[in-house]
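The sequence shown begins at 1395 in our numbering and counts up by one. Beta carbons are placed, not taken as given, at the ideal position from N, Cα and C, and that holds for glycine. Every value quoted in this text rests on a predicted model; they were computed, and no experiment measured them. Quick notes on the structure that follows.
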Amino acid sequence: MGIIPDTKMTLANYSWLGTIFYFGFLAGEYPLTYALQRWPIAKVTGITIIVWGIVLGCMAACHNYKGLLVVRFFLGFFESSITPALTIFTAQWYRVREQSFRTGTKLTPPGMWYSTQAGISIFGGLVSYGFAKAGSEKKLSLASWRAVLLLFAAMTVATGIAFFFLIPDSIEKAWFLSERDRKLAQIRVKENQLGVVDKRWKWYQVREALLDPAVWLLCLVSLCLMIPSGGLLNFYAIVVSQMGFSSQMTLLLSLAGSWNIFNVLFFPWLAGKYGYRALISIIPCGIGLAGAAMVWGCKDKYARFVGYNLGLGYAATFALSISLLTSNVAGRTKKTFVNGMFLIAFCAGNLIGPQTFREKDKPKYVPALTSIVVLYAVSMFLMVCVHFLYSHRNSKRVWTEGNEPVANDAEDLTDRENPHFHYAI
């Protein structure tokens, strides 16, 4: 839409815009995660969304690469609290068996999690195309990319205001439920064995998180998936246009990425219905691997385009990995800290990803695509390891009739402390 020529950026500069966002994300992760632990979660989340929208609007006022770098850093900083907050909301409101679908399906509680990220690509693609066309016909008083940013900034601020006033901090404060319904909602989630809402920071739970191999495996999955993500998403328009499509056609073709709506709805639903989240998550990751291989190996531009979009299949795997953390980590401090660990790995992958697409490798970007294929394969292996580790833990906690898990609301126990905790696999 003209941002690169308007700000006189090189491809290397553009790569750093993708990377600097996650430096900001990394910087904001623990301060804002602590804020979620310390203060009312819905209020903290609403405020960060509002500030996030204001910063996005500031991006439209940038006229050079340095200004964009600063704004992108702060965009990442304020976005860093969103996924931990939504993960906590999911754990508060939904039973373990329901969480994989809710996490797979990401916008605001109580539903539509990751599918809306794919769904918004339809809206975003059409809006961007409309503004690009209007800009090319000289119907706008400012650059089309600036107009799009201002529109989405206004929408983000409006969402933050609504979130602040409408979303309750907990079931106990749910204004839209009667007293009886609040009690029923609390009873529903007792089986999660996730402990009481305790705002004290417990360092022994931090230590347990750091010594839990399952946590580290899932963090490695996050890292391995986000390196491809950081490259594929940031360079989508550039790589597709270099396949031989016009700039406006590239904007319309971005709608093809909306196939991920099906991807991130179907596989989490399948996992919720039949169990085996870790094993089922291998399937969409395998689709992503096959897609990356198509971009690498095919010469026809249409086959390469289809492959590039299939390469985004990792999204369902990532959603299911988050749902495993949501369901299998108990203890307020441990859960908060583990969310931070997972998202630091998320940041690290997205920091690296844009740097794998180098100007000297265009138009085929063979080194980047090679790394994507390898990392998807590693992710699939790690999810197999996660499955067997959780299965092994459950095998040591065999339930007999009359000895089913019983919720204990009196203590803030971690999953390793609670002998009645049953891991979702």
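Leaving aside the five residues before and after Thr1442 along the sequence, list all residues of the same chain whose C-beta is less than 6 Å from its C-beta, in chain order. Phe1472 and Ser1475
On the CB-based measure, 16 or more other CB atoms within 10 Å of its CB, does Lys1728 come out buried or exposed? buried
Which of the three DSSP states, helix, strand or coil, is assigned to Ala1724? Of the three classes helix, strand and coil, the one that applies to Ala1724 here is coil, per DSSP.
If you run the structure through DSSP and keep just helix, strand and coil, what is His1786? helix
Using a 10 Å radius around the Cβ and a threshold of 16 neighbouring Cβ atoms, would you call Leu1462 buried or exposed? buried
To the nearest angstrom, how far is it from the Cα of Leu1646 to the Cα of Thr1808? 48 Å
Going along the chain, which unbroken runs of the alpha helix (DSSP H) with 4 or more residues stay wholly within the region 1631-1668? Fully contained in the region 1631-1668 are the following alpha helix (DSSP H) runs of length 4 or more, in chain order: 1641-1647 and 1654-1668.
Under the three-state reduction of DSSP, which class applies to Tyr1759: helix, strand or coil? coil
Rounded C-alpha distance that separates Leu1450 from Cys1456: 11 Å
By a C-beta neighbour count over all protein chains shown, 10 Å radius and 16 as the cutoff for buried, is Met1549 buried or exposed? Residue environment analysis places Met1549 among the exposed positions, since fewer than 16 neighbouring C-beta atoms fall within 10 angstroms of its C-beta.
What residues in its chain sit with their C-beta under 6 Å from that of Phe1525, if we drop five residues either side in the sequence? Ser1538, Ala1541 and Val1542
So which of Ala1713, Val1689, Ala1485 and Gln1642 has the shortest CA-CA distance to Gln1580? Ala1485
Span of the alpha helix (DSSP H), counted from its first residue to its last, around Tyr1408: Leu1405 to Arg1432
Using the C-alpha atoms, what's the distance from Leu1578 back to Glu1836? The displayed coordinates of the chain run from 1395 to 1819. Any statement about residue 1836 would go beyond what the structure contains.
Could you pull the start and end residues of the alpha helix (DSSP H) that Tyr1598 belongs to? Trp1597 to Leu1604
Which class does Ser1616 belong to by DSSP, given the choice of helix, strand or coil? helix
Given that a residue counts as buried once 16 or more other Cβ atoms are within 10 Å of its Cβ, and exposed if not, what is Phe1656? exposed
Quick check: the region 1666-1682 against the region 1737-1754, are at least 3 beta-carbon pairs closer than 8 Å? no
Could you name the residues of the same chain whose beta carbon sits closer than 6 Å to that of Gly1682, not counting the 5 residues immediately before and after it, in chain order? Gly1705, Gly1707, Tyr1708 and Tyr1770
Exposed or buried, what is Asn1703 when buried is set at 16 or more other beta-carbons lying within 10 Å of its beta-carbon? buried
With DSSP run on the structure shown, which of helix, strand or coil describes Leu1534? coil
Straight-line CA distance for Trp1568 to Tyr1817? According to the sequence as given, residue 1568 is Ala; it is not Trp. Approximately 28 Å between the Cα atoms of the pair.
Would you mind stating whether Ile1621 and Gly1743 have Cβ atoms separated by less than 7 Å? yes
Are there 16 or more other CB atoms within 10 angstroms of the CB of Pro1503, so buried, or fewer, so exposed? A caution first: Pro1503 carries a pLDDT of 33, below 50, which makes its placement in the model unreliable, though a value can still be read off. Buried, since its Cβ has 16 or more Cβ neighbours within 10 Å.
Pick helix, strand or coil for Lys1577, following the three-state DSSP scheme. Helix, per DSSP.
Per DSSP, what kind of secondary structure is Tyr1670 in: helix, strand or coil? coil
Tell me which same chain residues have a C-beta within less than 6 Å of the C-beta of Met1735, skipping the five on either side of it? Cys1613.
In terms of residues, what are the limits of the alpha helix (DSSP H) holding Ala1455? Note, Ala1455: premise wrong, no alpha helix (DSSP H); not H, not E.
Give the DSSP-derived three-state secondary structure of Ile1766 in the structure shown. Helix.
Between the Cα of Arg1810 and the Cα atoms of Tyr1670, Pro1607, Met1637 and Pro1761, which residue gives the shortest distance? Closest in C-alpha terms to Arg1810, from the list Tyr1670, Pro1607, Met1637 and Pro1761, comes Pro1607.
What does the Cβ neighbour count give for Ser1721, buried or exposed, with the cut at 16 atoms within 10 Å? buried
Comparing C-alpha positions only, which one of Asp1563, Gly1396 and Leu1714 sits nearest to Ile1482? Checking every option, the nearest Cα to that of Ile1482 belongs to Asp1563.
By DSSP, does Asp1806 sit in helix, in strand, or in coil? coil
Would Trp1433 be called buried (16 or more neighbouring beta carbons within 10 Å of its own) or exposed? exposed
Output the boundary residues of the alpha helix (DSSP H) element that contains Leu1706. Unbroken run through Leu1706: none, as it is neither H nor E.
Taking Phe1751 as part of the alpha helix (DSSP H), name the residues at either end of that continuous run. First-last for Phe1751: undefined, no H or E at that position.
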